[in-house]
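Chains as they are written, first to last, in my numbering: chain W, 1 to 256; chain A, 257 to 512. Glycine is no exception: its CB is placed at the ideal position from the N, C-alpha and C atoms. Note that the structure is predicted; figures quoted are calculated from it, not measured. Written out below as structure tokens is the structure these notes cover.
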DNA sequence: TTATGATCATACTCATCGGTAGATATCCTA
DNA sequence: TAGGATATCTACCGATGAGTATGATCATAA
């Protein structure tokens with residue numbers, strides 16, 4: 001609630017002060033394009049920290065040490081800001097697809113390449129916007145555009161999976177569900193990465209891919225060990241499954 | 257923006273009309289507890305549809321065919337409503353852990369049980385609140401409470417993984433990363449399930465578990481087929497990797 | 001030096017929405 | 001049937017924040 005700045009920012013008092021971050025980088029930021037990108041990046045970082053609705057345009061402006069109308073000079077609306085953040089992030093993933101397009105490699109390796117870049121994009125500053133932004137916050141046209149891009153990526157992954165199953169590099173599976181599982185695990189990076197940055201995006205992606213490729217079930221070198229079906233377990237499960245999972249609803253919690 | 261009801265709701269004009277859903281179900285809704293649960297459920301459904309910030313308390317009230325002060329009669333704040341939704345959902349998952357606690361089965365099977373209930377919970381009406389709710393929208397105490405519960409679940413999964421590696425039912429892996437990958441894939445159900453309900457939550461969870469257990473790499477019956485390391489691919493990748501992934505940023509998009 | 005367009009700040013408008021005050025109706029009980 | 005407790009409504013407040021009207025300032029060219 002009291003997240004607004006309490007006193008006026010000391011910088012940006014006299015217009016175009018040379019000490020301001022905004023002004024000092026002015027030499028490098030030639031033209032509107034570059035400044036606009038700076039606005040979008042600042043917005044992405046704020047959204048990442050506090051979420052879309054808890055970030056005001058004053059916050060973004062303050063981050064750049066300018067005022068709100070300046071932001072509006074480069075961007076038409078808050079919606080559009082979020083939209084631009086999304087596009088910037090998703091473009092990284094699309095580039096990964098383009099790069100692997102013509103490669104003469106088993107599909108599983110192409111998939112691995114794509115997913116590694118996917119994971120890195122999710123750990124980037126635009127990860128939040130790609131994964132967590134709600135399309136109800138956008139205009140209809142933007143929402144449609146984003147859905148199309150997401151669908152393109154989804155179907156790209158499914159296609160790679162199908163090709164992998166065909167060329168024998170991927171274990172037979174349902175491409176749709178597998179794509180959901182893969183994308184879900186990677187998208188989720190955007191949720192926890194900011195809190196646990198002990199690994200780089202590339203390292204996380206590599207670790208995830210190892211997990212997905214190996215699977216949980218042990219890979220015996222020839223002989224499958226462990227993993228006995230365990231008939232007792234199955235019956236015990238069946239007995240329990242009946243009335244669980246809709247029991248309590250944890251009423252009357254104490255936290256305020 | 258114009259999502260508010262434009263004309264006053266025809267029902268609930270004369271107070272406690274017997275035709276209102278709220279009033280007609282009054283016989284069944286004995287006591288505050290049950291009504292309170294109804295409020296929480298209605299909130300969960302609205303949050304699920306439109307997100308937390310795009311749902312007003314008037315919306316929730318309208319859904320129940322009552323007015324806003326009535327909602328406040330059962331709940332102290334919007335924050336608390338979200339908090340309650342979260343608790344209701346997470347309790348399903350905790351129940352799953354409790355149920356498998358004492359089972360004398362390989363850990364991979366216990367993990368499977370837990371994750372199946374986890375997936376079902378994510379496909380439930382509380383899935384959105386568990387997965388997508390932002391803790392910036394809660395009070396500090398609530399946020400801390402929720403973090404503790406999430407951490408409990410996370411560490412429960414890690415523990416099952418560790419046990420599985422020890423008893424040989426799970427392929428050796430990093431428990432932390434594996435838990436992240438599993439939870440991520442399942443949490444993501446809350447994002448797409450409402451748009452694609454062709455499967456039940458249980459079916460999705462089962463499909464995911466098959467994927468996770470098998471892994472992408474083909475499981476030869478003894479002999480590994482395919483999956484040649486392909487040295488040419490590796491070098492080709494290395495060459496590309498250098499300058500990719502931070503290229504374009506998709507400026508000047510057209511959608512409004 | 002001065003005109004002009006680009007850039008940015010001050011100071012506002014206005015709609016939305018969380019939350020509340022106070023009145024009212026209903027129901028149960030003595 | 002009086003009276004208190006319960007449950008709900010009408011009508012309002014106040015804060016927040018997106019977006020804008022207007023004017024000042026700066027760089028550049030004539």
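With 8 Å as the threshold, decide whether the Cβ of residue 175(W) is near any Cβ in chain A.
-> Taking the first chain and counting its residues from 1, one reaches residue 175(W) at position 175. Interface criterion not met: the Cβ of residue 175(W) is under 8 Å from no Cβ in chain A.
So which of 31(W), 124(W), 37(W), 74(W) has the shortest CA-CA distance to residue 191(W)?
-> Position 191 of the first chain, counting from 1, holds the residue named residue 191(W). Considering only alpha carbons, the answer is 124(W).
What is the rounded straight-line gap between the Cα of residue 98(W) and the Cα of residue 180(W)?
-> As a position in the first chain, residue 98(W) is number 98, starting the count at 1. As a position in the first chain, residue 180(W) is number 180, starting the count at 1. Across the structure, residue 98(W) and residue 180(W) are spaced so that their CA atoms are roughly 21 Å apart.
In its own chain, which residues sit with a C-beta less than 7 Å from the C-beta of residue 419(A), not counting the 5 before and 5 after it?
-> Numbered from 1 along the second chain, position 163 holds the residue referred to as residue 419(A). Answer for residue 419(A): 363, listed in chain order.
Near-chain W residues of the stretch 433 to 450 of chain A - C-beta to any C-beta below 8 Å = If the cut-off is 8 Å between Cβ atoms, the stretch 433 to 450 of chain A has 433, 434, 436, 437, 438, 439, 440, 441, 442, 443, 444, 445, 447, 448 near chain W.
Taking 8 Å as the cut-off, decide whether the C-beta atoms of residue 378(A) and residue 386(A) are in contact.
-> Start at 1 with the first residue of the second chain, and residue 378(A) comes out as number 122. Start at 1 with the first residue of the second chain, and residue 386(A) comes out as number 130. Against a cut-off of 8 Å, the Cβ pair of residue 386(A) and residue 378(A) comes out as a contact.
Taking the alpha-carbon positions, what's the residue 200(W) to residue 165(W) distance?
-> Stepping through the first chain from its first residue, residue 200(W) is reached at position 200. Stepping through the first chain from its first residue, residue 165(W) is reached at position 165. The straight-line gap from Cα to Cα measures roughly 30 Å.
What residues in the stretch 197 to 212 of chain W bring their beta carbon closer than 7 Å to a beta carbon of chain A?
-> Cβ contacts with chain A: 207, 208, 211, 212.
Chain W contact for residue 411(A) (CB, 8 Å cutoff) | Looking up residue 411(A) in the second chain gives position 155. Not one chain W Cβ lies under 8 Å of residue 411(A).
Can you tell me the Cα-Cα spacing of residue 39(W) and residue 78(W), whole angstroms?
-> Against the first chain, residue 39(W) aligns to sequence position 39. Against the first chain, residue 78(W) aligns to sequence position 78. Looking at the two C-alpha atoms, the distance is approximately 11 Å.
Buried or exposed: where does residue 151(W) fall if 16 or more other Cβ atoms within 10 Å of its Cβ makes it buried?
-> Stepping through the first chain from its first residue, residue 151(W) is reached at position 151. With a 10 Å radius around the Cβ and a threshold of 16 neighbouring Cβ atoms, residue 151(W) comes out exposed.
Residue 160(W): contacting residues in chain A (beta-carbon distance under 7 Å) = By 1-based counting over the first chain, the position of residue 160(W) is 160. Contacts between residue 160(W) and chain A, judged by CB atoms closer than 7 Å, are missing: the closest CB pair is about 10 Å apart.
Excluding the five sequence neighbours on either side, which residues of its own chain have a C-beta within less than 6 Å of the C-beta of residue 442(A), listed in chain order?
-> Working through the second chain from its first residue, we reach residue 442(A) at position 186. Closer than 6 Å at Cβ, skipping near neighbours: 374, 375, 378.
Can the beta-carbon of residue 51(W) be found less than 8 Å from the beta-carbon of residue 440(A)?
-> The residue given as residue 51(W) occupies position 51 in the first chain. The residue given as residue 440(A) occupies position 184 in the second chain. Residue 440(A) is positioned such that its CB atom lies no closer than 8 Å to that of residue 51(W).
Residues within the stretch 131 to 154 of chain W neighbouring chain A, beta-carbon criterion of under 8 Å | Cβ contacts with chain A: 132, 134, 136, 137, 139, 141, 142, 144, 145.
Take residue 47(W) and list the residues in its own chain whose beta-carbon comes closer than 8 Å to its own, dropping the five residues that flank it on each side.
-> If you number the first chain from 1, residue 47(W) lands on position 47. Excluding positions up to five away in sequence, the list reads 55, 82, 85, 128, 129, 133.
What are the complete alpha helix (DSSP H) segments, minimum 4 residues, inside the stretch 382 to 434 of chain A?
-> Counting whole runs of 4 or more residues, the stretch 382 to 434 of chain A contains the alpha helix (DSSP H) stretches 383 to 388, 396 to 423.
Could you give the distance in angstroms between the alpha-carbon of residue 478(A) and the alpha-carbon of residue 220(W)?
-> Position 222 of the second chain holds residue 478(A). Position 220 of the first chain holds residue 220(W). With a pLDDT of 39 at residue 478(A), under the threshold of 50, the modelled position of that residue is not reliable, and no figure is offered here.
Can you give me the start and stop residues for the alpha helix (DSSP H) that residue 192(W) sits inside?
-> By one-based count along the first chain, residue 192(W) stands at place 192. Unbroken alpha helix (DSSP H) run through residue 192(W): 189 to 192.
Beta-carbon spacing of residue 126(W), residue 88(W) below 8 Å | Taking the first residue of the first chain as position 1, residue 126(W) is located at position 126. Taking the first residue of the first chain as position 1, residue 88(W) is located at position 88. The Cβ atoms of residue 126(W) and residue 88(W) lie closer than 8 Å to each other.
Please look up how many angstroms separate the CB atoms of residue 172(W) and residue 161(W), rounded, as I've assumed it's under 8 Å.
-> Along the first chain, read from residue 1 onward, the residue named residue 172(W) stands at position 172. Along the first chain, read from residue 1 onward, the residue named residue 161(W) stands at position 161. Contact doesn't hold; Cβ gap of about 10 Å is too wide.
For residue 464(A) versus residue 216(W), is the C-beta distance shorter than 8 Å?
-> Taking the second chain and counting its residues from 1, the one referred to as residue 464(A) is at position 208. Taking the first chain and counting its residues from 1, the one referred to as residue 216(W) is at position 216. Contact: no.
Could you say which of 49(W), 44(W), 41(W), 32(W) lies nearest to residue 195(W) if we only look at CA atoms?
-> Walking along the first chain from the start, residue 195(W) turns up at place 195. It is 49(W).
Beta carbon proximity, residue 319(A) to chain W, threshold 8 Å | On the second chain, position 63 is the one that residue 319(A) refers to. Judged by the 8 Å Cβ criterion, residue 319(A) is not in contact with chain W.
Does the separation of the CB atoms of residue 34(W) and residue 115(W) fall below 8 Å?
-> Reading the first chain from its first residue, position 34 is the one you call residue 34(W). Reading the first chain from its first residue, position 115 is the one you call residue 115(W). Going by C-beta atoms, residue 34(W) is not nearer than 8 Å to residue 115(W).
Interface flag, residue 426(A) vs chain W, CB-CB below 8 Å = As a first step, residue 426(A) is located in the second chain; it is residue number 170 there, counting from the start. Interface residue, yes.
Check whether the Cβ atoms of residue 93(W) and residue 153(W) lie closer than 8 Å to each other.
-> If you number the first chain from 1, residue 93(W) lands on position 93. If you number the first chain from 1, residue 153(W) lands on position 153. Yes. Within cutoff.
With DSSP collapsed to three states, give me the class of residue 31(W).
-> In the first chain, residue 31(W) corresponds to position 31, counting from 1. Under the three-state reduction of DSSP, residue 31(W) is assigned to helix.
Exposed unless 16 or more other CB atoms sit within 10 angstroms - verdict on residue 155(W) = Start at 1 with the first residue of the first chain, and residue 155(W) comes out as number 155. Exposed.
So is residue 113(W) buried or exposed if we call it buried at 16+ other beta carbons inside 10 Å?
-> The count along the first chain starts at 1 and reaches residue 113(W) at position 113. Buried, because 16 or more other Cβ atoms sit within 10 Å of the Cβ of residue 113(W).
Helix, strand or coil: which one does DSSP assign to residue 48(W)?
-> The residue given as residue 48(W) occupies position 48 in the first chain. Three-state result, residue 48(W): helix.
Distance CB(residue 298(A))-CB(residue 320(A)) smaller than 8 Å = Locating residue 298(A) in the second chain gives position 42, where the first residue counts as 1. Locating residue 320(A) in the second chain gives position 64, where the first residue counts as 1. The answer is yes: Cβ separation under 8 Å.
Quick one, are the C-beta atoms of residue 318(A) and residue 327(A) less than 8 Å apart?
-> In the second chain, residue 318(A) corresponds to position 62, counting from 1. In the second chain, residue 327(A) corresponds to position 71, counting from 1. Between residue 318(A) and residue 327(A), the gap from beta carbon to beta carbon reaches 8 Å or more.
Supposed contact pair residue 426(A) and residue 218(W) - C-beta distance, whole angstroms, cut 8 Å | Position 218 of the first chain holds residue 218(W). Position 170 of the second chain holds residue 426(A). Contact between residue 218(W) and residue 426(A) holds: CB atoms are separated by about 7 Å, below the 8 Å threshold.
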